[in-house]
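Heads up, the thing below is written out as structure tokens.
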Amino acid sequence: MERFQAVRAVAVSVLLAFAVPVDSARAQSGVPCDSFIRNPDGSWTATGNVPFPGSGRIINLRQGSVMKPGFFILGTDIAAELAAACASTPVQQPQAEITTLADDKGVIDMGSLTCGQLLSVYQEDADFLLAWYSGWTNGMAKSRTLRLKAVKDATHNVIVYCKANLTRRVADAIEALKLKP
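Quick note: the sequence shown uses numbering that gives the first Met the number 0, first residue 0, plus one each step.
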């Protein structure tokens with residue numbers, strides 16, 4: 000019995016670590032539609048760490064979390080709420096292999112790669128391409144260091160910029176954001 004109570008106490012503390020009580024006015028504020036991708040199967044994927052207004056509390060969702068319809072977190076069906084609040088969000092098209100960006104010799108012209116092309120590939124491939132850009136930028140600046148948080152933040156910022164500027168080149172996005180090594 001004591002073991003059960005200890006396990007229950009740990010489970011409750013873990014749940015409470017992810018939910019912070021808030022006043023009801025804040026909980027009823029807008030759903031952050033731009034922080035999610037709508038998937039073809041009706042699920043939603045968080046594009047970053049997202050504080051989501053739940054029933055009387057904020058539910059902290061991690062980047063990459065997939066919310067499926069009918070799955071409740073702290074009494075909230077997040078996919079259903081997103082579907083209702085974000086009905087105009089277009090469905091994300093299935094992702095392509097990175098090889099679709101390469102020519103017949105397997106070479107990707109990084110200087111002409113557009114934001115739309117970057118966003119057309121799987122997330123891990125987009126991250127890989129953006130890591131290449133980071134290395135290229137560091138090489139041009141003769142920097143031999145890696146500032147992990149800066150690179151992660153820059154990667155996120157480029158993705159956000161690219162979603163709004165599909166026809167722009169990724170190199171232009173990096174320049175527009177004034178990203179430094």
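Just so you know, even glycine gets a beta-carbon here, dropped at the ideal spot from N, CA and C. Small disclaimer: the values here were computed from a predicted structure and weren't measured.
- Comparing alpha carbon positions, the residue from L117, L145, P68 and I57 closest to I97 is L117.
- L147: member of the alpha helix (DSSP H) spanning L147 to A163, first to last residue.
- Membership of L81 in the alpha helix (DSSP H) is indicated by the continuous run I77 to A84.
- In this structure, DSSP gives A95 an extended state, which the three-state scheme calls strand.
- Per the coordinates, the alpha-carbon of V90 lies some 11 Å from the alpha-carbon of F35.
- Close CB contacts of H155 within its chain, under the 7 Å cut and outside five residues either way in sequence, are with G47 (chain order).
- Bridge partners of T113 according to DSSP: R168.
- Put simply, the backbone Cα of A95 is about 6 Å away from that of Y121.
- With fewer than 16 other Cβ atoms from the protein chains shown falling within 10 Å of its own Cβ, R143 counts as exposed.
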